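Visitor: Here the protein sequences come in this chain order: A and B. Sequential numbering from 1 applies to the first sequence in the numbering used here. Sequential numbering from 384 applies to the second sequence in the numbering used here. Heads up, the beta-carbon is just placed ideally off N, CA and C, and yes, glycines get one too. The structure presented is a predicted model; accordingly, all values stated were derived computationally and were not measured. Structure incoming, see below.
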Amino acid sequence: MNNKNKKYLLQSALILSIVSLFIFFATNAQINMSNRGLQFGFGFLNREASFDIQFTLIEYSRSSTYLRAYLVGLLNTILVAFFGIIFATILGVIVGIARLSKNYLINNLASAYVEFFRNLPLLLQLFFWYYAALRVLPLPQDAGEFFFSSYLTIKALYLPALRWENFYVFLTLFIISIFLIIVTKFYTKKIQEKDGTQFPIFLISVAILLILPSLSLIFGFSSFSIEKPELLKLSETTYTFEGGLEIPPEFIALLFALSLYTATFIAECVRAGIEAIGKGQKEAAASLGLNPNLVLKLIVMPQALRVIIPPTTNQYLNLTKNSSLASAIAYPDLALVFAGTALMQTGKAIEIVSMVMFTYLLLSILTSVLMNWYNKKQQITEK
Amino acid sequence: MRKIFFIKPNISNLNICLPVGSFLILLSFLDIFLNTFYNLNPSFFIIGPVNKVLPLLLGMIGFYLIRIEYSGKKYLDIFNKKINLNNFNALCTLIISFSIIKIMPIFLSWFIIDANFVGDNKDACTGSGACWVYIKVWFERFIYGMYPASEIWRINISFILIIVFGLFGLFSNEKIKRYLILYYAVVYPILAFIIIYFLVSGGVFNLEWVQTNAWGGLSLTFIVAFFALIFCFPIGLFLALGRRSKLIAVRYVSIGFIEFWRGVPLITVLFMSAVIFPLFLPSGVYIDTLVRAIFAIALFEAAYIAEVIRGGLQALPKGQYEAARSLGMGYWKSNYLIILPQALKIVIPGIANTFLALVKDTPLIFVVGLLEIVGMTNLAKTNPKWLGLAMEGYIFAGLIFFLICYVMSKYSQSLEKKLSSER
């Protein structure tokens, strides 16, 4: 037998064995499910879910469908991942830079933070924040105002809420102003490339972003009022806050754990990225007469970002996937709402778990596609 | 700041600046110190918001005064270089040291001074600090889970046996050395499995049978981590080779497998192993929850190991592959003798990091109802007799995990340094 035939044989054997494994599993599943009187199908998605979800971004009630419950869970996952990524990035960049500080104390404090938080299991940190740290918070009636009539209590974090009227006008103007900023950036860059004139792009952008949306407020097309949380007496000893924005402790604990944990990894990425830039680059920039701020902005950061972005993307993905730990503390995310409660009620194990898994897979793929695109833009265009 | 002060500290006025600066810094620390430990406010005569920031202000001026370049005093120069480089640096130094002085007593009193160490029930915990009695009473449960107390020696002996068998490699001479890979890759896992299966699980040799859901605590963490580690490495190795294979089917199957596992959270994989996998088996066949969970973790981490090893394979110069081929080596021989030894050496830190991640992921087995040490502390805090002691339990579990992971990560860092200096 020659080499080529051997290769074909090997590959077909592999594919055959995988296909037969799948068939084996499928037939077994069919037999097992019919034994238990279960049927495969996604029809249950349109049935009434008839369970409550504590924390929802979109309207949801017991009479909503399973599909709606799925959406609620998905949005909650995205919400916590979004804020987690923002906080982790801010903290990670600060700590990463702090680890490079020449100050002995700052440097060591940052190292201690990184070593400590990255060497503890995320689940343990989550438990710690939720069951131990947030439990020492005061009851609603004892809580003091700490920031613009916000109250941090054991029940929830209460923030003043903005109640909008004709919000869409404001939103449209906001989107238009972002569009305008992109256009101006594009044009000023062209002009700068042509004859070297520089514009204060940052100031212009801020001005556009501030002025244009506020026009709608000034001319009264849209308006908002601030709703403050008020202490309400329910009975002799129980109090609660009414109105405003109520952020449940599950969300806070999850956000804390996720961002503190992921920030350690991002800090390491940032540190490695900045360290990867040769000293010669900084010296060359300084000898061209750039001041330290400009050296960081024009020379170090653009190069460091190329090193930082790919591993940081991975960390963002990890954070999103790790947000599924929410089910351990009853934050109604996708894993808990769907792979937990809904699965328990319907018994549609295969459909539900595969739906959840593919949702996460899709989120991962989307994020990595987006970041790969950004990464490609940042890469050196070799001539 | 230079414009505000009339004096510019330099070597000529060193004799004035240094004592005055040191005195001011001393004052600021004294203020904070008295404030924290004796509840005194030495600066009571200064009212208003200035009082609050007075130590900061004094410290800043002091630090400014002693910031003298090339002072000729060795320790002053080192001091300035380390923590007093510029105004911002000095401010950070002050804030950090003040916070440490403020926070330390709170921590110390909770952990040690006001904590309770003696006793055997919750009533012994009268202090306002931690209740370490809880850890003492529950210690056995945290380590061995719900394993029957009279049978715990079985876990101990099997762990000792596994460690002894694992140390074989250290005492081998040249003759046996060539078989070491075979031993660690095939014989050792089987041996370990047999030990765990017969000794810990029991059911034979007059040993009481202990179901896996009674296992728990730290020993379960070790069992899960150990077997998952042993299985995930070879799977990851073959996946990495498969991903770089020239055979299209092999390559795409590997890519699909790796990307699938890397795209989903471990918790859903464990869900799958718990609720879906039994459906895939013929009726009558039952695989234990623990075994399923270990395989789920192993497959999951194998995908990550595969990516790490692929990095090592890609980092090798093409010449190595070509040289191996030109010597007439086939695919397996060239990989075994030339490529993998070099590639694996490059990625040892990466592999260690993945192993570390695996150890940190073991608590997730709580979703299939297995309680290792984190799950156990979580369960113990719901015991009606020991309510309200969640903090102590988590700190205990955290300390153990931190020790394990810190040692592992330090070891991998030292390996990294050792290997990078060799190249």
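Pull up the distance between the alpha-carbon of A:Ala385 and that of A:Ile352, whole angstroms please.
Guide: Any property of residue 385 of chain A remains undetermined from this structure, which presents chain A solely from 1 to 383.
Visitor: Using a beta-carbon distance below 8 Å, is A:Met301 in contact with chain B?
Guide: Sequence index remark: in the first sequence, residue 301 of chain A carries index 301 (1-based). Not an interface residue.
Visitor: Provide the residue span of the alpha helix (DSSP H) that contains A:Arg163, from first to last.
Guide: Position 163 of the first sequence, counting from 1, holds the residue named residue 163 of chain A. Counting along the chain, A:Arg163 falls outside any alpha helix (DSSP H), though it belongs to the beta strand (DSSP E) covering Ala161 to Glu165.
Visitor: Do the region 436-444 of chain B and the region 408-426 of chain B touch if we need at least three Cβ pairs shorter than 8 Å?
Guide: yes
Visitor: Quick one: is B:Arg806 buried, meaning 16 or more other Cβ sit within 10 Å of its Cβ, or exposed?
Guide: Within the second sequence, numbered from 1, the residue matching residue 806 of chain B stands at position 423. With a pLDDT of 46 at B:Arg806, under the threshold of 50, the predicted position of this residue should be treated as unreliable, though the coordinate-derived value follows. Looking at its Cβ environment, which holds fewer than 16 other Cβ atoms inside 10 Å, B:Arg806 is exposed.
Visitor: Could you give the uninterrupted runs of the alpha helix (DSSP H) lying entirely in the region 638-691 of chain B, keeping only those of 4 residues or more?
Guide: 649-654 and 660-663
Visitor: Note down the Cα distance separating B:Ile546 from B:Tyr562, rounded to an integer number of angstroms.
Guide: Locating residue 546 of chain B in the second sequence gives position 163, counting from the first residue. Locating residue 562 of chain B in the second sequence gives position 179, counting from the first residue. One C-alpha to the other measures close to 19 Å.
Visitor: Since B:Ile636 meets chain A, which of its residues come closer than 8 Å, beta carbon to beta carbon?
Guide: In the second sequence, counting from the first residue as 1, residue 636 of chain B sits at position 253. For clarity, residue 636 of chain B is Val in the given sequence; the question names Ile instead. Neighbours of B:Val636 on chain A, chain order: Leu14, Ile15 and Ile18.
Visitor: Considering only DSSP beta bridges, list what B:Gly600 is partnered with.
Guide: For this step, residue 600 of chain B is matched to residue 217 along the second sequence. In the DSSP output, where bridge partners are listed per residue, B:Gly600 has B:Glu755.
Visitor: For A:Leu325 versus A:Leu134, is the C-beta spacing smaller than 8 Å?
Guide: Counted from its first residue, the first sequence places residue 325 of chain A at position 325. Counted from its first residue, the first sequence places residue 134 of chain A at position 134. No, the Cβ-Cβ distance between A:Leu325 and A:Leu134 is not below 8 Å.
Visitor: Using 8 Å as the Cβ pair cut-off and three pairs as the minimum, do the region 272-279 of chain A and the region 302-309 of chain A touch?
Guide: yes
Visitor: Checking 8 Å against the spacing of the C-beta atoms, do A:Ser149 and A:Lys233 come in under that value?
Guide: What you label residue 149 of chain A is simply residue 149 of the first sequence in a count that begins at 1. What you label residue 233 of chain A is simply residue 233 of the first sequence in a count that begins at 1. In this structure, A:Lys233 does not lie closer than 8 Å to A:Ser149 by Cβ.
Visitor: Do you know whose CA, among A:Asp52, A:Ala285 and A:Ala328, lies nearest A:Met301's CA?
Guide: Indexing the first sequence from 1 puts residue 301 of chain A at position 301. Ranking the options by Cα distance to A:Met301, first place goes to A:Ala285.
Visitor: Identify, in the order they occur along the chain, each residue of the same chain with its Cβ nearer than 7 Å to the Cβ of B:Glu849, setting aside the five sequence neighbours on each side.
Guide: Given that chain B is displayed from residue 384 to residue 806, the structure contains no residue 849 of chain B and the question cannot be resolved.
Visitor: What's the gap between the Cα of A:Arg62 and the Cα of A:Thr346?
Guide: Position 62 of the first sequence, counted from the first residue, corresponds to residue 62 of chain A. Position 346 of the first sequence, counted from the first residue, corresponds to residue 346 of chain A. Cα-Cα distance, rounded: 15 Å.
Visitor: From the beta carbon of B:Lys743, is the nearest beta carbon of chain A less than 8 Å away?
Guide: For this step, residue 743 of chain B is matched to residue 360 along the second sequence. Yes, B:Lys743 lies at the interface with chain A (some Cβ there is under 8 Å from its Cβ).
Visitor: Check each candidate in A:Phe202, A:Leu159, A:Ile299 and A:Arg163 and name the one with the smallest Cα separation from A:Ile178.
Guide: Translated into positions along the first sequence, residue 178 of chain A becomes position 178. When each option's Cα is compared against that of A:Ile178, the closest is A:Phe202.
Visitor: What whole-angstrom Cβ distance do B:Phe663 and A:Ala29 have, given they're in contact under 8 Å?
Guide: Here the question's residue 663 of chain B lines up with position 280 in the second sequence. Here the question's residue 29 of chain A lines up with position 29 in the first sequence. B:Phe663 to A:Ala29, Cβ: 6 Å. Contact.
Visitor: If I measure Cβ to Cβ from A:Thr262 and keep anything under 6 Å in the same chain, skipping five residues before and after, which residues do I get?
Guide: Here residue 262 of chain A is taken as the residue at index 262 of the first sequence, counted from 1. Answer for A:Thr262: Ala88, Gln315 and Leu319, listed in chain order.
Visitor: Can you confirm whether A:Tyr131, when its beta carbon is compared against all beta carbons of chain B, has any partner nearer than 8 Å?
Guide: For the purposes of this step, residue 131 of chain A is taken as the residue at position 131 of the first sequence. A:Tyr131 counts as touching chain B.
Visitor: Excluding five sequence neighbours on each side, which residues of the same chain lie with their C-beta closer than 8 Å to the C-beta of A:Phe55?
Guide: By one-based count along the first sequence, residue 55 of chain A stands at place 55. Closer than 8 Å at the Cβ level, and outside the excluded window around A:Phe55, lie Asn76, Pro248, Glu250, Phe251, Tyr331 and Pro332.
Visitor: Please tell me whether A:Val183 has its Cβ less than 8 Å away from any Cβ of chain B.
Guide: Against the first sequence, residue 183 of chain A aligns to sequence position 183. By this cut-off, A:Val183 is not an interface position.
Visitor: Output needed in chain order: residues of the region 715-728 of chain B with a Cβ under 8 Å from some Cβ in chain A.
Guide: none
Visitor: Note the first and the last residue of the continuous alpha helix (DSSP H) segment covering A:Tyr261.
Guide: The residue you call residue 261 of chain A lines up with position 261 of the first sequence. Here the alpha helix (DSSP H) through A:Tyr261 covers Pro249 to Glu275.
Visitor: Quickly, what does DSSP pair A:Thr240 with across the bridge? List them, please.
Guide: Numbered from its first residue, the first sequence carries residue 240 of chain A at position 240. Per DSSP, A:Leu232.
Visitor: Please list, in chain order, the chain A residues whose beta carbon lies closer than 7 Å to that of B:Thr476.
Guide: Locating residue 476 of chain B in the second sequence gives position 93, where the first residue counts as 1. Correct list: Asn103 and Leu105.
Visitor: Which of the three DSSP states is assigned to B:Glu799 in this structure?
Guide: For the purposes of this step, residue 799 of chain B is identified with residue 416 of the second sequence, where counting begins at 1. Three-state DSSP puts B:Glu799 in a helix.
Visitor: What residues in the region 106-117 of chain A have a beta carbon less than 8 Å from any beta carbon of chain B?
Guide: Ile106, Leu109, Glu115 and Phe116
Visitor: What three-state label does DSSP hand B:Ile564 in the structure shown?
Guide: Indexing the second sequence from 1 puts residue 564 of chain B at position 181. Note: B:Ile564 maps to helix in three-state DSSP.
Visitor: A:Ser225 and A:Arg163: beta carbons closer than 8 Å?
Guide: Here residue 225 of chain A corresponds to residue number 225 of the first sequence, with the count starting at 1. Here residue 163 of chain A corresponds to residue number 163 of the first sequence, with the count starting at 1. Closer than 8 Å, so yes.
Visitor: Does DSSP classify A:Lys383 as helix, strand or coil?
Guide: For the purposes of this step, residue 383 of chain A is taken as residue 383 along the first sequence, with counting starting at 1. Residue confidence for A:Lys383 is low, a pLDDT of 46 falling below 50, so the modelled location carries little weight; the figure read from the coordinates is stated next. The answer is coil: DSSP assigns A:Lys383 none of H, G, I, E or B.
Visitor: Determine the contact status of B:Met774 and A:Ala132, defining contact as a CB-CB distance below 8 Å.
Guide: As a position in the second sequence, residue 774 of chain B is number 391, starting the count at 1. As a position in the first sequence, residue 132 of chain A is number 132, starting the count at 1. Yes, these two residues count as a Cβ contact at 8 Å.
Visitor: Which one of A:Tyr113, A:Lys377, A:Gln141 and A:Phe256 has the shortest CA to CA distance from A:Val80?
Guide: In the first sequence, counting from the first residue as 1, residue 80 of chain A sits at position 80. Closest by alpha carbon: A:Phe256.
Visitor: Give the interface partners of B:Pro665 over in chain A, defined as CB-CB distance under 8 Å, in chain order.
Guide: Locating residue 665 of chain B in the second sequence gives position 282, counting from the first residue. Close to B:Pro665, with beta-carbon spacing below 8 Å, are these residues of chain A in chain order: Asn28 and Ile31.
Visitor: If the cut is a Cβ gap below 7 Å, which residues of chain A does B:Leu747 touch?
Guide: In the second sequence, residue 747 of chain B corresponds to position 364, counting from 1. Within chain A, the residues near B:Leu747 are Leu123.
Visitor: Run through DSSP, which three-state label would A:Ser225 get?
Guide: Residue mapping note: residue 225 of chain A aligns to position 225 of the first sequence, counting from 1. It is a strand residue.
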